[in-house]
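Structure follows, in structure tokens:
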């Protein structure tokens, strides 16, 4: 599973502990695949499904603040990515605990296997989680998990962490130098086919499905490319990708001058108070477009010139609102994104009243809300401001003149 940190206490696995044979088989393969050696022996223990559920619930409450959940709910609802009635915290917990068979806990430095895990899956589970245990000895997984307000950077890091832990067991199972069965396309299908065995995941809104699958699927593809380009190295520390853009377009990561995202600082909103701030990144921007356009090439094009974004979830006297600023590689890219959003609006709200005023386009939705799209320039860069506000709140929720752009991330 992903980097959900758990604390289950527990006994040492040791050479005679549970699944000792599987651990002994996996450790040399993992060390060979990464070029790294375990600094200390991995610790392994077992837990029941009920114990796993209880500790997941406890840690989820500790590690995911209400403000984060509330902010994401506001954003996803306003972008039409989840139903208004969805309880995001409860649903995410159901997703994270569905059919969990094993996990590594960065806090206790222990690898846990769930009692009764399918025998045919145990070796892969142990190998996958042992990779996490090794990674944690060379970088602090817990600190990566606890980054706040940098969703895109965190997703990129998770893509490396889960991608490597997915790719190495596959390579070990196939033997040195072996090619992927039926090509890499078949591996992608295998990862996606796991959805059919997970009813909660299969029923999840598209955005939740894709963001959960992304680190494993796109991450494994990125790590395959990294192994080819940077033999004998690992993408940890300063080598860690800083955006999903770099995962989706590896050439931008491997370039002599890595394409870093532009940092954005938002001013205070004209009305209400900010509940939460974060970013979407190119990947979730692409998901937003695809959710409504159902056109993969168009969605890819609309998001391809992304160079940074920042949104604020705002609680106003009239209800929830969002203000989302994105910066683009060129004015053409900003125009492509704006055109894509206009198509989204036509599909989402075909009866909305559209007006063009003062350099902005507004859609009045059922007399209850206004969505506005405004293009502009900040510091010589093309930006787009998307706002969604309740009736009675001025659509110009942010003033672009007070938006600040920073240098690319280090």
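Residue numbers (the numbering used here): -16 to 393.
Just so it is clear, CB atoms sit at the ideal spot from N, CA and C, and this is done for glycine as well.
Please read these numbers as outputs of a predicted model, since none were measured by experiment.
A Cβ-Cβ distance of about 6 Å is found for the pair residue 266 and residue 231, placing them in contact under the 8 Å criterion. Comparing alpha-carbon positions, the option among 336, 321 and 386 lying closest to residue 353 turns out to be 336. Between the beta-carbon of residue 96 and that of residue 27 there is about 7 Å, and that keeps the pair under the 8 Å contact cut. Remark: C-beta atoms of residue 310 and residue 225 do not approach each other more closely than 9 Å. Assigned with DSSP and collapsed to three states, residue 145 falls in helix. The alpha-carbon of residue 53 is positioned some 11 Å away from that of residue 257.
Proximity of the stretch 57 to 71 to the stretch 118 to 136 falls short of the contact definition, fewer than three beta-carbon pairs being nearer than 8 Å. Note: residue 367 is bridge-paired with 309 and 358 in the DSSP secondary-structure output. With contact defined as three or more Cβ pairs closer than 8 Å, the stretch 365 to 373 and the stretch 294 to 308 are in contact. According to the DSSP assignment, residue 294 belongs to the beta strand (DSSP E) that extends over 289 to 299. Under the criterion of beta carbons closer than 8 Å, residue 201 and residue 142 qualify as touching, at roughly 6 Å. DSSP lists 294 as the bridge partner or partners of residue 261. Of all alpha-carbon atoms in 106, 208, 111 and 116, the one lying nearest the alpha-carbon of residue 91 is that of 116. Secondary structure at residue 121: coil, using DSSP grouped into helix, strand and coil. In this structure, residue 43 sits near residue 76, with a CB-CB distance shorter than 9 Å.
Between the alpha carbons of residue 210 and residue 147 lies a distance of about 10 Å. CA-to-CA, the gap between residue 2 and residue 100 works out to about 11 Å. A contact between stretches requires three or more CB pairs, one per stretch, nearer than 8 Å, and the stretch 79 to 89 fails this requirement with the stretch 9 to 19. The residue among 62, 55 and 61 with its C-alpha nearest the C-alpha of residue 74 is 55. Taken through DSSP and simplified to helix, strand or coil, residue 19 comes out as coil. Ranked by Cα distance from residue 57, the first of 315, 295 and 277 is 295. The residue from 249, 255, 222 and 252 with its alpha-carbon nearest to that of residue 239 is 222. With respect to the 9 Å criterion, residue 299 and residue 251 are not classified as neighbours on the basis of their beta carbons. The criterion of a C-beta distance shorter than 9 Å is not satisfied by residue 381 and residue 364.
With distances taken between CA atoms, residue 243 lies nearest to 264 out of 264, 196 and 325. Burial is judged here by how many other beta carbons sit within 10 angstroms of a residue's own beta carbon; residue 268 has at least 16 and is buried.
Excluding its 5 nearest sequence neighbours in each direction, residue 347 has C-beta neighbours in its own chain below 7 Å: 335, 336 and 353, listed in chain order.
Around the beta carbon of residue 313, a 10 Å sphere encloses fewer than 16 other beta carbons of the protein chains shown; the residue is thus reported as exposed.
For residue 96, the enclosing beta strand (DSSP E) stretches over residues 93 to 97. Taking all protein chains shown into account, residue 145 has 16 or more neighbouring C-beta atoms within 10 Å of its C-beta and is therefore buried. Counted as a single uninterrupted DSSP element, the alpha helix (DSSP H) harbouring residue 286 occupies residues 279 to 286.
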